[in-house]
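Participant: One structure coming up, written as structure tokens, with questions to follow.
Residue numbers (the working numbering): 37 to 174.
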């Protein structure tokens with residue numbers, strides 16, 4: 037599975053300076069990946085790509101979870117919101133790379149569970165294994 041965390045927009049300001057220092061944590065297939073921190077931004081652009089190897093059934097079962105945090109040098113990081121997505125079962129019949137583009141509203145988390153602020157753009161691409169030489173038709 038290839039995961040590209042593109043950007044966020046309209047994030048909540050979590051710091052006294054009116055900004056946040058956001059980063060995104062991705063959970064998929066039992067693994068965790070984290071983007072870099074973008075300092076002083078409410079609309080960070082990460083454009084970071086991660087590849088996670090695994091079985092399609094595991095990805096279909098677990099889906100993917102994205103959580104955006106504000107980095108704090110002192111104390112705990114603030115959760116700015118998150119989103120859980122599921123993969124469509126049609127991926128079972130995919131023979132080529134199948135990109136799925138998302139631009140979704142973050143669900144409130146952490147300190148402010150009543151305010152929903154921010155959107156997250158990401159792409160999930162299922163990469164089926166290429167047939168091995170012995171499996172390829174003549």
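Using N, Cα and C, we set each Cβ at its ideal position, and we do this for glycine too.
For residue 128, does the three-state DSSP call read helix, strand or coil?
Facilitator: helix
Participant: Answer yes or no: do residue 86 and residue 39 have a C-beta to C-beta separation smaller than 7 Å?
Facilitator: yes
Participant: Check residue 52 in the structure and name its three-state DSSP category.
Facilitator: coil
Participant: Would the beta-carbon of residue 63 fall within 7 Å of that of residue 101?
Facilitator: Against a cut-off of 7 Å, the Cβ pair of residue 101 and residue 63 comes out as a contact.
Participant: Please classify residue 162: does DSSP put it in a helix, a strand, or coil?
Facilitator: strand
Participant: Please confirm if the region 112–119 is in contact with the region 138–145, defined as three or more CB-CB distances below 8 Å between the two stretches.
Facilitator: yes
Participant: From the DSSP output, read off the bridge partner residues of residue 118.
Facilitator: 103 and 143
Participant: What separation, rounded to the nearest whole angstrom, lies between the Cα atoms of residue 56 and residue 160?
Facilitator: 26 Å
Participant: Does the distance from the CB of residue 54 to the CB of residue 94 come in under 7 Å?
Facilitator: Cβ atoms of residue 54 and residue 94: not closer than 7 Å.
Participant: Ignore the nearest five residues each way along the sequence and tell me which others in residue 73's own chain have a CB closer than 8 Å to its CB.
Facilitator: Counting only Cβ-Cβ distances below 8 Å, and skipping sequence neighbours, we find 57, 58, 59 and 107.
Participant: Can residue 103 and residue 41 be called in contact, C-beta distance under 7 Å?
Facilitator: no
Participant: Closest Cβ-Cβ distance between residue 90 and chain B: below 7 Å?
Facilitator: The structure shown contains no chain B; it holds only a single protein chain.
Participant: What's the C-alpha gap between residue 81 and residue 70?
Facilitator: Residue 81 and residue 70 have their C-alpha atoms spaced approximately 14 Å apart.
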